[in-house]
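Notes follow the structure.
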Amino acid sequence: MVIVRALMGLALFLVVPPFLPEWITFLLTLAWAKALAVLGVVLLLRGGLLTFGHALYYAVGAYTAGFAVKFLGVHEGLVVLVLAVVTGATTSALLGLLLARYRGVHFGLLNLAFSMVLYAILLKFYAVTGGTDGLRLPTPLLAGIKPPPQSLRLTIYYVTVVLTALLLYVAHRFTASPLGYTLRAVRDNEVRVEYMGASVRQAIYCSYIVAGVLASVGGVLAGFSVGHIVPEVSFWTQSGEFVFVALLGGTGSVVAPIAGSIVFEFVRNYAFKYSPYTWQMTLGIVLLIIIFFLPGGLWSLTGLARRWGFATRRWTR
């Protein structure tokens, strides 16, 4: 039943966009791409780990695409994605060796520190990174074919949705695996997990790599959607956005980041349009409302709907 609902939801996102304005398709593309980075934050939150620097891997993926195009002349989208997975996995594997030792605020701030180091590098090494001007990302090739301009936005959208859906399924299988359950147990009682013979560090380390890869792929997809990347993709505000969306959507399901990301993009877009000087305050009010009335995030609405439907059926019998 869950699989059927998931497929129905995916079908809706695949069928409706051709009938929507182009700007809405663009926002949906960004939302689906960023949802992968948010999903990485959610996976870590399930283990009781809050990161303030997850934009590091988002930027690693985006700049991998930029460097592949600029220095290697690679325009094939699939090749760029593979390179982003490799660089994201390598970076998270190396940093994870250190970060898996820490918990709580130390884990979050160390991630933030590494993210800001990358931001400084991207900003200062102008000859390589383009500095504040960033790097241009031309239209990628798909199996050697360049999408026609009139359907470019829609093509990138479909590629983003399909890839994100596949990775959501992979993340779902990961959370349902023994390693995923171990990570949740670490959040509840780390000492007891160690006494049971499971490796806490291994669970956190593997989860950190998965989270880094997800964010890297999201960075590539978002970069190709926008067509340009700048150092701000690794800034602390971007990491804060991912945490914001994770809290907005909730951590109850791997699909929750999609809901949170879509709502966030549209709320921010309309808030900036109608109150350009106070749009941050609008986002803050939205988050406060969610925290007070839906502590489990937007995804908790599904549980409320099921309970309400069950109560309605009992009342009408």
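In the numbering used here, the protein residues as written are 10 to 326.
In this text, a Cβ means the ideal position worked out from N, Cα and C, and glycines have one as well.
All values reported here derive from a predicted model rather than from experimental measurement.
Residue 96 burial status per 10 Å Cβ neighbour count (16 or more: buried): Mapped onto the sequence shown, residue 96 falls at position 87. With 16 or more other Cβ atoms inside 10 Å of its own Cβ, residue 96 counts as buried.
Touching by the beta-carbon criterion (3+ pairs, under 8 angstroms), the stretch 52-65 and the stretch 117-129: A contact exists between the stretch 52-65 and the stretch 117-129.
Helix, strand or coil at residue 84 according to DSSP, with G and I counted as helix: Counting from 1 along the sequence shown, the entry for residue 84 is found at position 75. Coil.
DSSP beta-bridge partners of residue 201: Locating residue 201 in the sequence shown gives position 192, where the first residue counts as 1. Looking at the DSSP assignment, residue 201 forms no beta bridge with any residue, so it has no partner.
Proximity of residue 229 and residue 100 at Cβ, strictly below 8 angstroms: On the sequence shown, residue 229 is found 220 positions in, with the first residue counted as 1. On the sequence shown, residue 100 is found 91 positions in, with the first residue counted as 1. No, they are not a contact pair.
Contacts around residue 244, its chain only, beta-carbon distance under 6 angstroms, and the 5 residues preceding and following it disregarded: The sequence position of residue 244 within the sequence shown is 235, counting from 1. So the qualifying residues of the chain are 128.
Anticipated Cβ contact below 8 angstroms, residue 170 with residue 41, distance rounded: For this step, residue 170 is matched to residue 161 along the sequence shown. For this step, residue 41 is matched to residue 32 along the sequence shown. About 5 angstroms separates the two Cβ atoms, so the contact holds.
Spatial neighbours of residue 257 in its chain, beta-carbon cut-off 8 angstroms, leaving aside the 5 residues before and after: Stepping through the sequence shown from its first residue, residue 257 is reached at position 248. So the list reads 269, 272, 273, 295, 296, 299, 306 and 307, once near-sequence residues are dropped.
Three-way DSSP call (helix, strand, coil) for residue 37 in this model: Within the sequence shown, the letter at position 28 stands for residue 37. Here residue 37 sits in helix by DSSP.
Helix, strand or coil at residue 58 [DSSP, three-state]: Against the sequence shown, residue 58 aligns to sequence position 49. Assigned with DSSP and collapsed to three states, residue 58 falls in coil, not helix or strand.
Own chain, CB closer than 8 angstroms to residue 168, minus 5 neighbours either side, in chain order: As a working note, residue 168 is residue 159 in the sequence shown. For residue 168, where only same-chain residues beyond five positions count, the Cβ hits under 8 angstroms are 86, 151 and 230.
Limits of the unbroken alpha helix (DSSP H) element including residue 166: Taking the sequence shown and counting its residues from 1, one reaches residue 166 at position 157. In the DSSP annotation of this structure, the continuous segment of the alpha helix (DSSP H) that includes residue 166 starts and ends at 161-184.
Residue 223 beta carbon less than 8 angstroms from that of residue 48: In the sequence shown, counting from the first residue as 1, residue 48 sits at position 39. In the sequence shown, counting from the first residue as 1, residue 223 sits at position 214. Using a Cβ distance threshold of 8 angstroms, residue 48 and residue 223 count as a contacting pair.
At least 3 beta-carbon pairs within less than 8 angstroms: the stretch 156-167 vs the stretch 273-293: With the cut-off at 8 angstroms, the stretch 156-167 and the stretch 273-293 do not touch.
Chain-order list of residues whose beta-carbon lies under 7 angstroms from that of residue 108 (same chain, five-residue window excluded): Working through the sequence shown from its first residue, we reach residue 108 at position 99. Closer than 7 angstroms at Cβ, skipping near neighbours: 116, 119, 120 and 217.
CA-to-CA distance, residue 232 to residue 221, given in whole angstroms: The sequence position of residue 221 within the sequence shown is 212, counting from 1. The sequence position of residue 232 within the sequence shown is 223, counting from 1. Here the C-alpha atom of residue 221 lies approximately 16 angstroms from the C-alpha atom of residue 232.
Inside the stretch 95-142 only - alpha helix (DSSP H) runs reaching at least 4 residues: DSSP runs (the alpha helix (DSSP H)) wholly in the stretch 95-142: 113-133 and 135-138.
For residue 151, the three-state DSSP class (helix, strand or coil): Taking the sequence shown and counting its residues from 1, the one referred to as residue 151 is at position 142. Looking at residue 151 - three-state DSSP - the assignment turns out to be strand.
Length of the line joining the Cα atoms of residue 195 and residue 29: Residue numbering aside, residue 195 sits at position 186 when the sequence shown is read from its first letter. Residue numbering aside, residue 29 sits at position 20 when the sequence shown is read from its first letter. Rounded to whole angstroms, residue 195 to residue 29 spans 44 angstroms at the Cα level.
Where residue 166 falls, given that 16 or more other Cβ within 10 Å makes a residue buried: To locate residue 166, count along the sequence shown from 1; it is residue 157. Flag for residue 166 reads buried.
Nearest candidate by alpha-carbon position, reference residue 173, set 261, 46 and 215: If you number the sequence shown from 1, residue 173 lands on position 164. Comparing Cα positions, the closest option is 46.
Backbone CA spacing between residue 302 and residue 134 [nearest angstrom]: For this step, residue 302 is matched to residue 293 along the sequence shown. For this step, residue 134 is matched to residue 125 along the sequence shown. If you take the alpha carbons of residue 302 and residue 134, they lie about 46 angstroms apart.
Any 3 or more C-beta pairs closer than 8 angstroms across the stretch 247-263 and the stretch 138-149: Touching, no, given that fewer than three Cβ pairs across the two stretches are closer than 8 angstroms.
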